[in-house]
Amino acid sequence: MTDTVVIGAGSNELAAAHQLLRAGRSVMVVEERKTDRYTDGWVPPQIAMPGLAVDQPDPWLRAVLPDGGTLELWRDMKRSTDAIRRLSPRDADKWPRFCERMARLAALLADLYLAPPPSLVDLRFAFKVRRLGRTGMEDLMRVLAMPAAELLDDWFENDVLKGALGALAVSDLQQGPRSAGTAFRLLHFHAGNSPGVFRAPRSNYAQIARSGLEIRQGVVQRITVRAGQATGITLDSGEELGATAVMSGADPRRTLVDLTEPGWLDPDLVRALRHIRRRGVAAHIDVELERAPDWKTLTFAPSLDYVERAYDDAKYRRISAQPCLDLAADGTRVHARFQYAPYGAEGEISPTIVQQHLPAIKRATVRSTMQLEQAFGWPQGQPHHAELSLDQALWMRPLPELAGYGTPIRGLWLCGPAMHPGAGVAGASGYNCARAMLRTL
Amino acid sequence: MKTYDVIIAGGGHNGLACAAYLARAGRKVLVLERRERVGGAAMSEEVFPGFRFSVFSYVVSLLRPEIIRELELARHGLQILPLESTLTPLLDGPMSGSYLAQWSDHDQNRRELARHSPRDAEAYDEFGLLLHRMARAVKPLLSTAPPDPASRDPRQLLDLLSLGRYFRGLPERDLHALWKLLTMSAADYLDEWFDSEALKGTKSASGIIGTLLGPRSPGTAYVLLHHYMGELDGVFRAWGFARGGNGSVSAAIAAAAQAHGAEIRTQAPVSKILLAGERAVGVVLEGGEELRAPVIVSGADPRRTFLGLVGEAHLPDEFVGAIKRYKFRGASAKVNLALGELPRFTCMPQPGPHLRGAVSISPSVDYLERAYDDAKYGEISRRPYMDIVMPSMLDPSMAPPGKHVMSIFVQYAPYHLNGGWNDARREQLGDTVIDTLAQYAPNLKGAILHRQVITPADIERIVGLAEGNIFQGELTLQQMFFLRPAPAWSRYRTPVHGLFQCGSGTHPGGGVMGASGRNAAMAILGARA
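Protein sequences appear in the order of chains U and F.
At position 200 of the first sequence (counting the first as 1) the number is 199 in numbering that gives the first Met the number 0, and the numbers step up by one without a gap.
At position 194 of the second sequence (counting the first as 1) the number is 193 in numbering that gives the first Met the number 0, and the numbers step up by one without a gap.
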C-alpha cells in the first residue's frame, strides 16, 4: 500500500507527486490517458526540473492584418514598439507604459499563485494590495473588474493590436472581450512572463516530470471511502489500490460526484459542484503541412468587434461563422485553436477556415470540444476544468468550500486545473495541493 | 446681496434631498434648477391635455426608507401605491400564447410558478431568502461614504478598518455569495436556480436596466439584489408608484426642504462654478448673475460637473483622466402613450389585476441578449425589452375618465447610435416599440391617442444627464463603491475645496434612492455618515 495515489499524469499531478516524494511519501501515479505533449504555462523555479525546455517563441504574437502582413510583438519591448509604430504611433508611445503597469499588477497575482488562495477577508492580502501604492491599487481594483475591451480601448486605437490581446483574454472562456472580468484574465496569463508578453510559454514539463515516479496505466472507477476517510481507488479492471490519501487531478465534479462512493457529501455541496461552470469553447485542429511555415505562432482576431461577434454565435449555441484562430507551428505540424465552437453546438467545424493562413496542407484533423472531452478528460471540452472567470478564481476556485484543496472527505485532495491558480502556471495547482496536504500531516 | 451657507446646483431628487438635510441642520441653502420645475428625471408633466406622465423615471423602488422617515415625506404629500404583480406575456416557446405572472401573494405566486416548473416553485423561496440575506448585508453600505482604500488619512483608515471589521463579521458563506453576485452574470446566476426561461428572462431584466450590458454579461447579477432591498424595509414593496407620478417624490422632498427653510430657484441654470485659487466660492448663472457661498454642491453628473462647470484646467490630470474614462453609455429610452382604452393582452384579455402591475416583455434570457446584441453594435434593438406600467390604473387622476396613460421603459436604444439620433430614428424607435408590443396586445395600435418617444439623446438634452444614462453613469463593478465616480473621490468631496457632489454619479448610485443626496449632506455636515 502506498501513502498516496495520484489520479492523472498531467503537469499538476506530476508536480504534486514530486512534492510528496520529496517529503518522503510513497506515491503511485495512475495515468488514465495519454497526456498532451506540451504543457502550457509559465514554469516557476519551485516546480522546474532538470531537462526542462521552455519554448518561448519570439515574436510571441503574430497577428494577421486585414490587408495582408502581420503585426509582430516581441520579447524585446523596443522591437514591439517599432512594430506597433508602423500601425499607430500613438499606440507605440503608450505600449511601454501599458506593459509596465500591467506587469506590476501581474506580479501581485504571480505572488499569490504559489500558495493557497488568500481568503476574501485576509488582511495580509489587503496590506499587500496597499503596498502597490495609489496608482497600482486603483489600477488593480478597476482592471480586475473590467472588460478587456474597455481596458484596451482606454489605451489603444489599433484594431489588430486590441483584437489579438482581446482574443488572448477570452481564450477558453464562454465570454467575449466586452464581458466584465476579462481584463483579469489578461493579467492572469501575463503573470510570470516578462513585461510585454501576454501569453504563457509552452514546455516539456509533463514529459520530463515523469522521471523518478512510479506511474501505471488504468482508469479509475471508484474512490473508496471508509468512515469519512479516503482509503484508495478501484480501477476499471477491478483492481484495488489502497492508500492513506488520494489526490485527484480529475475535475472536482467527476472526482466527488462520479468517482467517490456516494453518501459522504452534503447535498448543498453536490449542488454547488453541479453548478461549476466548465463550458468548453475551443475546438482544436491538427494540421500536417507539406513544408514548415516560416512562423511559430499566428493569430487571427483582427478586431475586438470581430472577437465579440465570434462570441455572439457561441451565446446561442452556434459555432462561430468567423472564428478566432490561434495557430502554433512545430516543424510541419500546426496546432490550431478554433474559438468559439461551444460544447454540443450545431454546425460543422471546417478545417478550410485555417487554410487561407497556411501553405499546402497534407492532412487536417478536427477535434471538437466533445472529442477533446473524450481524449483528455476535459469536462465539456474545457481544459481549465472550471472556467477561469472572476467568480471562479482565487478564493472562489472552484468553490469556496474546496479552495483549500481538501474535501469534506479526509484524505481526498483535489489537484487539477480547476484548483487555484489553474491554467497558465505549469503544475502550480498540484504543487499547492501537495504542500497543503503535507502541512496537515 | 443675500448670502447662503450652501448652494446646490441641480434640483433633482438628490439635490433636493441634500438641501433638505442641510436645511434641517440649520444651514442656509439655495437650490438652483435649470428647468422650470424641480425633480430632474423624477418629474411629472401633463404632456398631452388631461394626461399626466412620469416622463422619465416612472417607479419608486429604492427610495431609502430613512429619507421617507426623517424628512417626513408622507406629511409632505408622498403616497406610494404598490405595484402588485409582474406579467410576462409569452409568444414563442413551450408556453406560447400563455404568460408568467408573478404575484405578491405567496401561494398564488407559487401555484403560477409551478405551472411553469415545479422545481422553480420549490427553489423560489430559498432564492428569495438568500437574496434577502445578501440585501441585508449590503444595505448598511448604502448609507456609508466609501473610504478610499489607498488613503493615509487617519479618519479614512478608521473607516476602512470598521468596513473591514463589518465584512469580517459576516459569515464567510455570505461573503462568498456576495462575491458571486458581484462578479457573475444574471443569466449564469439564475441558471443555478431556475429552469423556466420566462422567469429567468424577467428576473435577469432587472440586472440590465440602465447599463449597456446584456444578461449574460458578468456584473449584472448584483442588481438582482436591489429588488430585495425595498421589500426588506417593510415600508413598501420592491416596486411602487407615487400618486401623481414620480414628480410627487421630488415635490415632497422639495416641500420638506422648503419647510426647513431651504430656498429653491427654478429657471436658474448654473453655467460655471466660481473658483478662487483652489476653492469653490460660488456659481455663475447663465444670465451672468453671481451667487456666492462657502460650500457648493453639484447634483449634476460627474462629466457635466467637472468637465463642464469646473473646467479641466482647474483639476489634476489624473482626476480629469478618471472622469473622462467614467462610462455613461445610456441605453434606455421611454415611450409614453395616451390610450383611449385599455390594452388587451392576448394571453390575458380581460381587464384585471395584472393591469395594475407591471408588464414585462422579457420572455427569455436569449430574447434580452439578442436585444443587447443589436445595441452592442450601435443599433436599436429590433425586439426590445420593455417594462410597462399603467399609472392611471392605480391613480385615476393621471388620465381623463375612461382613458389611460401607459409608460414604457425600453431597452436597448444606445446613445451612441450608428449615424446618430434624429427625428426619423426617434420615430423608428417608437414604431419598433409599438409594433413589438402590439404582437402581445393587438388592440394597442388602435387605442393610441398620443405618443411621446424619449431617446437617450433627448434625456441628455432635456434633463442634462450625460449620454442619457439614467444612473448618471453605469453601475458596473469598476464604477461602484469606492470607485464611483473616481478613485479617491468617492466620499462626495472633490479635488476642489468646498465643492461637493450629491448626484447619483456618486455612491450608491441611481434608482431614485436619494441616498447620494443624503450621504453628501452628511459628508458636508461632517457627521459620520
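No residue lacks a Cβ here, since even glycine has one placed at the ideal position from N, Cα and C.
Note that the structure is a prediction, hence the values are computed from the model and not measured.
is_contact[residue i, chain U] using C-beta, thresh 8 Å
{"i": "H175 (chain F)", "result": "yes"}
{"i": "T493 (chain F)", "result": "no"}
{"i": "G508 (chain F)", "result": "no"}
{"i": "F193 (chain F)", "result": "no"}
{"i": "Q410 (chain F)", "result": "no"}
{"i": "E368 (chain F)", "result": "yes"}
{"i": "S116 (chain F)", "result": "no"}
{"i": "T182 (chain F)", "result": "yes"}
{"i": "W420 (chain F)", "result": "no"}
{"i": "R302 (chain F)", "result": "no"}
{"i": "F166 (chain F)", "result": "yes"}
{"i": "S359 (chain F)", "result": "no"}
{"i": "A122 (chain F)", "result": "no"}
7 Å Cβ shell around residue i - same chain, five flanking residues per side excluded
{"i": "A514 (chain F)", "result": "R63, L141, S142, P507"}
{"i": "D232 (chain F)", "result": "Reliability of the predicted coordinates at D232 (chain F) is poor, the pLDDT of 49 falling under 50, and no value is obtained from them."}
{"i": "N13 (chain F)", "result": "G298, C501, G502, S503, G513, S515, G516"}
{"i": "A361 (chain F)", "result": "Rather than Ala, the amino acid found at residue 361 (chain F) in this sequence is Ser. Cβ neighbours of S361 (chain F) beyond the five flanking positions: T87, G200, T201, A204, L367, Y384."}
{"i": "L224 (chain F)", "result": "L130, M133, A134, V137, L180"}
{"i": "A465 (chain F)", "result": "D300, R302, R303, F327, E459"}
Cutoff 8 Å: residue i Cβ touching any chain F Cβ
{"i": "Y315 (chain U)", "result": "yes"}
{"i": "H384 (chain U)", "result": "no"}
{"i": "M418 (chain U)", "result": "no"}
{"i": "A435 (chain U)", "result": "no"}
{"i": "M101 (chain U)", "result": "no"}
{"i": "E137 (chain U)", "result": "yes"}
{"i": "R24 (chain U)", "result": "no"}
{"i": "V120 (chain U)", "result": "yes"}
{"i": "R177 (chain U)", "result": "yes"}
{"i": "G421 (chain U)", "result": "no"}
{"i": "P397 (chain U)", "result": "no"}
Inter-residue CB distance, residue i and residue j (contact presumed, cutoff 8 Å)
{"i": "M389 (chain F)", "j": "L428 (chain F)", "result": "So it is not a contact: roughly 20 Å between Cβ atoms."}
{"i": "D54 (chain U)", "j": "R201 (chain U)", "result": "5 Å"}
{"i": "P529 (chain F)", "j": "S84 (chain F)", "result": "For chain F, the structure presents residues 0 to 528; residue 529 (chain F) sits outside this window and is missing."}
{"i": "L448 (chain F)", "j": "A337 (chain F)", "result": "4 Å"}
{"i": "I379 (chain F)", "j": "D386 (chain F)", "result": "Incorrect: roughly 17 Å between the Cβ atoms, too far for contact."}
{"i": "V404 (chain F)", "j": "N468 (chain F)", "result": "Actually they do not touch by this definition, with Cβ atoms about 25 Å apart."}
{"i": "Y439 (chain F)", "j": "L90 (chain F)", "result": "7 Å"}
{"i": "S53 (chain F)", "j": "E196 (chain F)", "result": "That belief does not hold up - the Cβ atoms of S53 (chain F) and E196 (chain F) are roughly 30 Å apart, past 8 Å."}
CB contact check: residue i to chain B, cutoff 8 Å
{"i": "M133 (chain F)", "result": "Absent from the structure is chain B; the protein chains it does hold are U and F."}
Sequence-distant residues of the same chain with beta carbon closer than 6 Å to residue i, five excluded per side
{"i": "E71 (chain U)", "result": "P58, R61, A82"}
{"i": "P301 (chain U)", "result": "P65, V159, G162"}
{"i": "R184 (chain U)", "result": "A168"}
{"i": "L443 (chain F)", "result": "P342, L436, A437"}
{"i": "A22 (chain U)", "result": "L437"}
{"i": "V234 (chain F)", "result": "With a pLDDT of 43 at V234 (chain F), under the threshold of 50, the modelled position of this residue cannot be trusted; read the value that follows with caution. Closer than 6 Å at Cβ, skipping near neighbours: P64."}
{"i": "H75 (chain F)", "result": "A251, A254, A255"}
{"i": "E30 (chain U)", "result": "A8, I214, Q216"}
{"i": "L19 (chain U)", "result": "T3, V26, A433"}
Cβ shell of residue i (< 8 Å), same chain only, five flanking positions each side left out
{"i": "E12 (chain U)", "result": "V5, I6, V28, M246, G248, C414, G415, G429"}
{"i": "E289 (chain F)", "result": "L273, G281, V282, V283"}
{"i": "F97 (chain U)", "result": "W154, F155"}
{"i": "M50 (chain U)", "result": "Strictly speaking, residue 50 (chain U) in this sequence is Gly, with Met absent from that position. Same-chain partners within the cutoff: N203, I207, S210."}
{"i": "R527 (chain F)", "result": "Here the model assigns R527 (chain F) a pLDDT of 41, short of 50, so the residue's position is not dependable, and the following value carries that caveat. So the list reads M521, once near-sequence residues are dropped."}
Margin query: What ranges does the beta strand (DSSP E) occupy inside the region 279-311 of chain F, keeping only unbroken runs of at least 3 residues that lie completely in it?
Written below: 289-291, 294-297
Item checked: beta strand (DSSP E) segments (min. 3 residues) lying fully within the region 189-223 of chain U -> 214-216
Note to self: Across the region 237-257 of chain F and the region 32-44 of chain F, are there enough close Cβ pairs to call them in contact, namely three or more that are closer than 8 Å?
What the structure shows: yes
Notebook entry, point to check: What are the complete beta strand (DSSP E) segments, minimum 3 residues, inside the region 5-70 of chain F?
Noted result: 5-8, 28-31, 43-47, 50-53
Item checked: Ordered list of beta strand (DSSP E) runs contained in the region 102-173 of chain F, each at least 3 residues -> none
Check: Curious, which full-length beta strand (DSSP E) runs of at least 3 residues does the region 246-298 of chain U contain?
Finding: Entirely contained in the region 246-298 of chain U, the beta strand (DSSP E) runs reaching 3 residues are, in chain order, 281-288.
Next item on the list: With a floor of 3 residues, list each beta strand (DSSP E) that falls wholly inside the region 96-169 of chain U, ordered by position along the chain.
Entry: Considered as a whole, the region 96-169 of chain U harbours no complete run of any beta strand (DSSP E) with no fewer than 3 residues.
Notebook entry, point to check: For the region 101-118 of chain U against the region 377-389 of chain U, are there 3 or more C-beta pairs whose distance is under 8 Å?
Noted result: no
Notebook entry, point to check: Per the contact definition of three or more C-beta pairs closer than 8 Å, is the region 107-126 of chain U in contact with the region 213-225 of chain U?
Noted result: no
Next item on the list: Pair every Cβ in the region 293-309 of chain F with every Cβ in the region 13-27 of chain F, then say whether three or more of these pairs are closer than 8 Å.
Entry: Yes: at least three Cβ pairs fall under 8 Å.
Notebook entry, point to check: Do the region 176-191 of chain F and the region 210-218 of chain F make contact, defined as three or more Cβ pairs closer than 8 Å?
Noted result: yes
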